[in-house]
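Peer 1: Be aware that the sequence shown starts at 1, since it is given in full-length UniProt numbering, and climbs by one per residue. Cβ atoms here follow ideal geometry from the backbone N, Cα and C, with glycine treated the same way. Quick caveat: nothing in here was measured; it's all calculated off a predicted structure.
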Amino acid sequence: MTPPPGRRAELGAFLRARREQLVRADHGLPPAGRGRTVGLRREEVSYLSGVSVTWYTWLEQGRDINPSQQVMDAVSRVLRLDDAGRRYALSLAGLAPSSALGDAAADELPAHVQHLLDALGDNPAFALTPNWRIAGWNDAYERLYPNVARIPAEDRNLLRVVFTDPAVRALLADWPETSRRFLGEFRAETAARLTDPDLRAFIERLREDSPEFREGWARHDVQGFTSRERVFHHPDAGLVRYEHHQLRPSDVPGVQIVAYTPVV
């Protein structure tokens with residue numbers, strides 16, 4: 001299966017970004033011209049992976065080719081891609097099956113999911129659609145982030161509010177790290193739909209509205225989700241710590257529930 005042109009271009013940009021960040025000594029290579037210690041040449045990736053220079057160059061150029069699983073695995077190994085990065089590259093190459101998150105049509109929140117959010121009581125929780133629109137939340141989350149009920153529905157997107165709402169920047173005690181992780185997770189989850197017009201329009205608008213997002217998007221960072229501790233400046237309770245969890249209802253797999261539970 002040949003990946004669409006937009007995904008081929010993204011695959012090329014992703015591979016190039018990873019190649020340019022590699023430490024040469026980690027691959028047993030001496031410094032390059034002018035003592036450069038970071039970044040491999042295409043020829044070096046070709047030699048280390050056993051993939052022809054022409055074929056690897058075509059990959060980075062976004063050519064209309066169909067790389068095999070073996071080729072992508074070899075390139076992923078040399079570029080030191082983690083599991084999330086490897087899945088991202090395979091998806092862009094048309095080799096990974098589309099997940100339930102690829103169904104952008106699942107944009108409305110079923111009533112029973114809202115009931116679950118409400119049942120979480122004092123634990124802040126909200127639900128995201130595949131494009132990360134905040135489709136529902138409970139009272140505890142609204143107390144933590146009051147703006148969620150105030151901003152226009154078309155702007156009520158988690159990635160957008162993280163990068164454009166000053167209230168979120170003040171709320172997050174670790175904004176630089178959180179924004180970087182969210183961007184990497186978003187990119188990993190939307191790899192199969194990068195040619196979707198609505199998604200592309202959303203990304204372009206956010207690139208225009210946020211210099212930090214524009215810079216981060218150009219880095220092509222990809223990250224898988226892991227539960228972790230989060231620290232917030234709560235409007236009423238002051239500094240609070242939560243564990244960040246992500247759940248997916250089996251009957252609505254395109255929706256993800258984000259829940260914060262107190263650190264004990």
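Identify the continuous beta strand (DSSP E) that holds His112 and give its terminal residues.
Peer 2: Unbroken run through His112 is the alpha helix (DSSP H), Ala111 to Ala119; no beta strand (DSSP E).
Peer 1: CA-CA distance, Ser227 and Tyr242?
Peer 2: Per the coordinates, the alpha-carbon of Ser227 lies some 10 Å from the alpha-carbon of Tyr242.
Peer 1: Here's the rule I'm using: 16 or more other beta-carbon atoms within 10 Å means buried, otherwise exposed. How should Gly136 be labelled?
Peer 2: buried
Peer 1: Taking Tyr47 as the reference, give the member of Ala111, Glu212, Gly35 and His27 with the closest Cα.
Peer 2: Measuring from the Cα of Tyr47, the nearest candidate turns out to be His27.
Peer 1: Measure the C-alpha to C-alpha separation of Leu11 and Arg160 and round it to an integer number of angstroms.
Peer 2: 24 Å
Peer 1: In terms of DSSP beta bridges, what is Trp58 paired with?
Peer 2: Beta-bridge pairing links Trp58 to no other residue.
Peer 1: Judging by CA-CA distance, which residue of Pro67, Arg77 and Asn66 is the nearest neighbour of Arg19?
Peer 2: Arg77
Peer 1: DSSP on Val75, reduced to helix/strand/coil?
Peer 2: helix
Peer 1: Go through the region 147-204 residue by residue and report every complete run of the beta strand (DSSP E) that reaches 3 residues or more, in order.
Peer 2: none
Peer 1: State the Cα-Cα distance for the pair Ala89 and Phe225, rounded to the nearest angstrom.
Peer 2: 17 Å
Peer 1: Does the region 136-146 touch the region 114-125, meaning 3 or more C-beta pairs lie closer than 8 Å?
Peer 2: Flag = yes, the region 114-125 and the region 136-146 touch.
Peer 1: Please determine if the region 35-50 and the region 62-80 are in contact, where contact requires at least 3 C-beta pairs separated by less than 8 Å.
Peer 2: yes
Peer 1: Is Ala104 helix, strand or coil when you go by DSSP?
Peer 2: No answer about Ala104 holds up, because its pLDDT of 44 lies below 50 and its placement is not dependable.
Peer 1: Report the option in Pro130, Val23 and Leu171 whose CA atom is closest to the CA atom of Glu142.
Peer 2: Leu171
Peer 1: On a Cα-Cα basis, can you pick out the residue from Trp58, Val45 and Ala84 that is closest to Gly184?
Peer 2: Ala84
Peer 1: Give the single residue among Leu199, Thr195, Arg180 and His233 whose Cα lies nearest to the Cα of Glu215.
Peer 2: Arg180
Peer 1: Taking Ala173 and His233 to be in contact with their CB atoms under 8 Å, please state how far apart those CB atoms are, rounded to whole angstroms.
Peer 2: At roughly 6 Å, the Cβ-Cβ gap stays under 8 Å, so Ala173 and His233 are in contact.
Peer 1: Select from Thr129, Arg200 and Trp55 the residue whose C-alpha is nearest the C-alpha of Val258.
Peer 2: Thr129
Peer 1: Let me check one thing: in DSSP terms, what residues is Ala9 bridge-paired to?
Peer 2: DSSP, once it has assigned bridges, lists no residue as partnering Ala9.
Peer 1: Taking only the alpha-carbon atoms, compute the straight-line gap between Asp64 and Gly254 and give it to the nearest angstrom.
Peer 2: Taking the straight line from one Cα to the other gives about 30 Å.
Peer 1: Under the DSSP definition of a beta bridge, which residues are partnered with Tyr242?
Peer 2: Arg230 and Pro262
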